[in-house]
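In what follows, a structure is listed as structure tokens, so that the remarks can point back to it.
Numbering (mature numbering (1 follows the signal peptide of the UniProt record, and there is no 0)), first residue to last: -19 to -1, 1 to 174.
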């Protein structure tokens, strides 16, 4: 009888273990879905992601803030990534000043590309630092997060506005400049002819 009870308790523990109350999310890097057994909310999330910059260059740092949009509303869990807008691949790396509140994870073989909660404590705000990869730019990105309000209520793929790669801005500016020069040359040649 005690063996049966031990097995049942162990099985129940395994089911609850997939909730990741301490932020062990490496197995859900792609879906950003906590293993709670419930579907994500399909309402407007009461949380937002804000970034300190709207553009970035290789090696730049951006301060990213997760916060509530409603007074008194908190989140107990989160998962945050910077994803390429072109293919959803994680890029860059995260850090934060409060090591007791977060954990870093490597998703898609990108070291520290994901940050998540380390405790189930209430959070009205969480601030992290994202560092763009050095070298060439991976293109435009968006910060994407899962916010967990409680075991049953959570929102996945909450997105920040697009953060534009400085190389994209330069390319567009160069294209506009080239277009303007071509237009001016066309006008000049038509006038001369």
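C-beta: ideal position from N, C-alpha, C; glycine also. Remember, it's a predicted structure, so these values are computed and weren't measured experimentally.
How would you label residue i, buried or exposed, when you count the other beta carbons within 10 angstroms and need 16 or more for buried?
i, result
"residue 104", "buried"
"residue 130", "buried"
"residue 67", "exposed"
"residue 106", "exposed"
"residue 19", "exposed"
"residue 95", "buried"
"residue 146", "buried"
"residue -15", "Here the model assigns residue -15 a pLDDT of 36, short of 50, so the residue's position is not dependable and the matter cannot be decided."
"residue 52", "exposed"
Please determine, among the options, the residue with the shortest C-alpha to C-alpha distance to residue i.
i, options, result
"residue 113", "26, 9 and 35", "35"
"residue 15", "132, 107, 148 and 140", "132"
"residue 78", "139, 68, 28 and 108", "108"
"residue 27", "39, 82, 145 and 134", "134"
"residue 72", "20, 41, 106 and 128", "41"
"residue 59", "80, 126 and 121", "126"
"residue 119", "24, 30 and 39", "39"
"residue 123", "115, 138 and 24", "138"
"residue 17", "29, 23 and 9", "9"
Looking at residue i: is its Cβ nearer than 9 Å to the Cβ of residue j?
i, j, result
"residue 32", "residue 50", "no"
"residue 111", "residue 21", "no"
"residue 74", "residue 83", "no"
"residue 61", "residue 47", "yes"
I need the DSSP call for residue i, collapsed to helix, strand or coil.
i, result
"residue 63", "strand"
"residue 77", "coil"
"residue 139", "strand"
"residue 1", "In this prediction, residue 1 scores a pLDDT of 47, lower than 50, which makes its location untrustworthy; the coordinate-derived value is nonetheless stated afterwards. Looking at residue 1 - three-state DSSP - the assignment turns out to be coil, as it is neither helix nor strand."
"residue 82", "coil"
"residue 148", "helix"
"residue 175", "The structure shown has nothing for residue 175, since the chain only spans -19 to 174."
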